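Going by UniProt numbering, the sequence shown opens with residue 1, and the numbers climb by one from there. A virtual CB, placed ideally from N, CA and C, is assigned to each residue, including glycine. Please read all numbers here as calculations on a predicted model, not as lab measurements.
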Amino acid sequence: MVNAIEAKGIVKIFDGFRAVDGVDLIVPKGSIFGILGPNGAGKTTLLRTLLGIIDPDEGSRKLFGASRPLTQSARVGYLPEERGLYQSMRAVDTIAFMGALRGLPLTTGRKRGRELLEEAGLGYAADRQIRQLSKGMAQTVQLMGTIVHEPELIILDEPFSGLDALNQAKLEKMIRAQAERGVTVIFSTHVIAHAERLCERIAIIAGGKISFDGLVQEARDRLRPQVHLETANLDGPWRSALPQNCEPEGHWWHFTLPESGVEPLLTALVEGKAGIKSLSIERPGLHDAFVAIAGEAVAAQMDEMVDETELQTLSAGAKL
Ligand SMILES: Nc1ncnc2c1ncn2[C@@H]1O[C@H](COP(=O)(O)OP(=O)(O)OP(=O)(O)O)[C@@H](O)[C@H]1O
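Here is the structure:
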């Protein structure tokens, strides 16, 4: 099967600065793929190169198997990081106009535009000018213009930034709905939680280089689970099942699950009469995996970029 994207050795240099520095990337069809990295990591430059908006200085890329990506533009929807719409254009015409740029007849675009707006509960705004819409609504209209021609690949550059909690949740739903239809979705983000909730695959990029590319599960599996154990007893033969340097905090033990896994540990605790009062095994999240892969400094940079609105959304999203 042809992959949606295959890139090899992509380098993009601006005034001597390597914004993208030797990137290999494969995005299989039908996946939700997240590109994670802090400000200036090279995400936008990489996406623009993959789309054929700019040419790489070195390396090659294929979009649906074609080495000239722009020939595939009717199959692609792209939401750039800089949002911008004609302020005096009506919402429905904006959607149709964006579709027309990708080869969709205007009449079809208007019809689908109205349907998309209705589905999103924004039917009442179809004939309003963009300047009469709220910022979140205008962003939603731009997103609809990105998908109106029913592309097979959607590339969204930082699609969550600038949206409030409700609109971010709606966008997550829309991304999932597109993926369920078999559409490949690639989005860039500096918010690890969005990627953790949505993506099957991710690439981690910093300083123009990709340090991880693969399944979210694979990233998480790089770290072993953490065990939190409370015992009635503090000594006994069962202690040999715990890591050697593990010391209790009161009656609590916190340690990394040994390579041998859960069952031998449990057997030793039960047979050795540790008196288990409480036991939890915590699988590391993507954030911990990100720290392990990209390093503390890059992770801290990402966390700093998550503003108040995003924090609210993340906790709201966790409840969805
Ligand atoms: N046209 C350009 N001319 C010169 N430098 C550029 C240009 N475009 C990007 N850069 C530089 O390349 C680096 C990567 O930028 P890019 O926008 O790709 O990063 P990013 O990960 O998308 O970050 P952000 O989320 O802040 O946009 C940055 O240092 C940026 O200043």
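* Arg-112: first and last residue of the uninterrupted alpha helix (DSSP H) it sits in -> Counting from one through the sequence shown, the residue named residue 112 turns up at place 112. Segment 106-119, the alpha helix (DSSP H) holding Arg-112.
* Asked: What three-state label does DSSP hand Phe-160 in the structure shown?
  -> Walking along the sequence shown from the start, residue 160 turns up at place 160. In the three-state reduction of the DSSP assignment, Phe-160 falls in the coil class.
* To do: Using DSSP bridges, identify the partner residues of Arg-197.
  => The count along the sequence shown starts at 1 and reaches residue 197 at position 197. In the DSSP output, where bridge partners are listed per residue, Arg-197 has none listed.
* Asked: Secondary structure at residue 321, three-state DSSP: helix, strand or coil?
  -> This structure leaves residue 321 out entirely; the chain is present only between 1 and 320.
* To do: Verify the contact flag: Thr-44, CB atom, against every heavy atom of ligand 1, threshold strictly below 6 Å.
  => As a working mapping, residue 44 is identified with position 44 in the sequence shown. Inclusion of Thr-44 in the 6 Å shell around ligand 1 follows from its C-beta lying nearer than that to a non-hydrogen atom of the ligand.
* Give a single yes or no on whether Gly-40 has its beta carbon closer than 6 Å to a heavy atom of ligand 1. => Working through the sequence shown from its first residue, we reach residue 40 at position 40. True, at least one ligand heavy atom lies under 6 Å from that Cβ.
* To do: Determine the closest residue to Arg-83 out of Gly-59, Glu-119, Gly-42, Asp-157, with distance taken between C-alpha atoms.
  => Taking the sequence shown and counting its residues from 1, the one referred to as residue 83 is at position 83. It is Asp-157 whose Cα lies nearest to the Cα of Arg-83.
* Asked: Considering only residues of the segment 243-276, which uninterrupted alpha helix (DSSP H) runs meet the minimum length of 4 residues and lie entirely inside it, listed in chain order?
  -> List check, alpha helix (DSSP H) in window: 262-271.
* Tell me which same chain residues have a C-beta within less than 8 Å of the C-beta of Asn-39, skipping the five on either side of it? -> Residue numbering aside, residue 39 sits at position 39 when the sequence shown is read from its first letter. Closer than 8 Å at the Cβ level, and outside the excluded window around Asn-39, lie His-190, Gln-301, Met-305.
* Drop a sphere of 10 angstroms on the beta-carbon of Tyr-86, count the other beta-carbons inside from all chains shown, and report buried for 16 or more, exposed for fewer. => The residue given as residue 86 occupies position 86 in the sequence shown. Exposed is the label assigned to Tyr-86, since fewer than 16 other Cβ atoms lie within 10 Å of its Cβ.
* Among Gly-65, Leu-122, Leu-106, Phe-17, which residue has its Cα nearest to the Cα of Met-1? -> Locating residue 1 in the sequence shown gives position 1, counting from the first residue. Selected option, being the one with the closest Cα: Gly-65.
* Asked: Say the cut is 6 Å; is the CB of residue 340 nearer than that to a heavy atom of ligand 1?
  -> Beyond the ends of the chain as shown, which are 1 and 320, falls residue 340; an answer cannot be given.
* **Beta bridge counterpart(s) of Phe-212 as assigned by DSSP** => In the sequence shown, residue 212 corresponds to position 212, counting from 1. Paired residues: Ile-204.
* **For Lys-29, the three-state DSSP class (helix, strand or coil)** => Mapped onto the sequence shown, residue 29 falls at position 29. If DSSP states are grouped into helix, strand and coil, Lys-29 belongs with coil.
* From the DSSP output, read off the bridge partner residues of Glu-6. => On the sequence shown, residue 6 is found 6 positions in, with the first residue counted as 1. Its beta-bridge partners are Ile-26, Lys-62.
* Asked: Taking contact to mean at least 3 C-beta pairs separated by less than 8 Å, is the segment 138-156 in contact with the segment 89-107?
  -> Because the criterion of three Cβ pairs below 8 Å is met, the segment 138-156 and the segment 89-107 touch.
* Compute the distance between the beta-carbons of Ala-294 and Ser-211, then report whether it is under 7 Å. => The sequence position of residue 294 within the sequence shown is 294, counting from 1. The sequence position of residue 211 within the sequence shown is 211, counting from 1. Yes, these two residues count as a Cβ contact at 7 Å.
* Can the beta-carbon of His-251 be found less than 7 Å from the beta-carbon of Glu-230? -> Working through the sequence shown from its first residue, we reach residue 251 at position 251. Working through the sequence shown from its first residue, we reach residue 230 at position 230. With a cutoff of 7 Å on beta-carbon distance, His-251 and Glu-230 are scored as near each other.
* Do you know offhand how far Gly-236's Cα is from Leu-257's? -> Here residue 236 is taken as the residue at index 236 of the sequence shown, counted from 1. Here residue 257 is taken as the residue at index 257 of the sequence shown, counted from 1. Near 19 Å, if we compare the C-alpha coordinates of Leu-257 and Gly-236.
* Pull up the CB-CB distance for Ile-186 and Ala-195, whole angstroms please, since I reckon it's below 8 Å. => What you label residue 186 is simply residue 186 of the sequence shown in a count that begins at 1. What you label residue 195 is simply residue 195 of the sequence shown in a count that begins at 1. At roughly 11 Å, the Cβ-Cβ gap does not stay under 8 Å, so Ile-186 and Ala-195 are not in contact.
* To do: Helix, strand or coil for Ser-67, going by three-state DSSP, please let me know.
  => Sequence index remark: in the sequence shown, residue 67 carries index 67 (1-based). If DSSP states are grouped into helix, strand and coil, Ser-67 belongs with coil.
* Asked: If we ignore side chains and look at the alpha-carbon of each, how far apart do Asp-303 and Glu-271 end up?
  -> Position 303 of the sequence shown holds residue 303. Position 271 of the sequence shown holds residue 271. About 44 Å.
* Give a single yes or no on whether Phe-160 has its beta carbon closer than 6 Å to a heavy atom of ligand 1. => Indexing the sequence shown from 1 puts residue 160 at position 160. Phe-160 has its CB no nearer than 6 Å to any heavy atom of ligand 1.
* Euclidean distance between Cα positions of Ala-179 and Leu-279 -> Here residue 179 corresponds to residue number 179 of the sequence shown, with the count starting at 1. Here residue 279 corresponds to residue number 279 of the sequence shown, with the count starting at 1. Cα-Cα distance, rounded: 37 Å.
* Anticipated Cβ contact below 8 Å, Gly-59 with Ala-7, distance rounded -> Counted from its first residue, the sequence shown places residue 59 at position 59. Counted from its first residue, the sequence shown places residue 7 at position 7. Indeed, because the Cβ distance is near 7 Å, the residues count as touching under 8 Å.
* Ile-5 versus Leu-50: straight-line alpha-carbon distance, rounded -> Looking up residue 5 in the sequence shown gives position 5. Looking up residue 50 in the sequence shown gives position 50. Ile-5 and Leu-50: Cα-Cα distance of roughly 8 Å.
* Can you tell me where the beta strand (DSSP E) with Gly-295 in it begins and where it stops? -> Numbered from its first residue, the sequence shown carries residue 295 at position 295. Going by DSSP, Gly-295 is part of no beta strand (DSSP E) at all; its letter is neither H nor E.
* Could you please give the first and the last residue of the uninterrupted alpha helix (DSSP H) stretch that includes Val-183? => Here residue 183 corresponds to residue number 183 of the sequence shown, with the count starting at 1. Val-183 -> no alpha helix (DSSP H), and no H or E assigned at all.
* To do: Would you verify that the beta carbon of Pro-69 is, or is not, closer than 7 Å to some beta carbon of chain D?
  => Here chain D cannot be found, since the structure has a single protein chain.
* Where residue 321 falls, given that 16 or more other Cβ within 10 Å makes a residue buried -> With the chain represented from 1 up to 320, any question about residue 321 goes unanswered, as that position is not in the structure.
* Asked: Counting along the chain, where does the beta strand (DSSP E) carrying Val-76 start and finish?
  -> The sequence position of residue 76 within the sequence shown is 76, counting from 1. DSSP places Val-76 in the uninterrupted beta strand (DSSP E) bounded by 76-79.
* Straight-line Cα distance separating Ala-268 from Cys-246 -> To locate residue 246, count along the sequence shown from 1; it is residue 246. To locate residue 268, count along the sequence shown from 1; it is residue 268. Cα to Cα, Cys-246 sits roughly 15 Å from Ala-268.
* Between Ile-205 and Pro-56, what straight-line distance do the alpha-carbon atoms span, to the nearest angstrom? -> Indexing the sequence shown from 1 puts residue 205 at position 205. Indexing the sequence shown from 1 puts residue 56 at position 56. Taking the straight line joining both Cα atoms gives about 17 Å.
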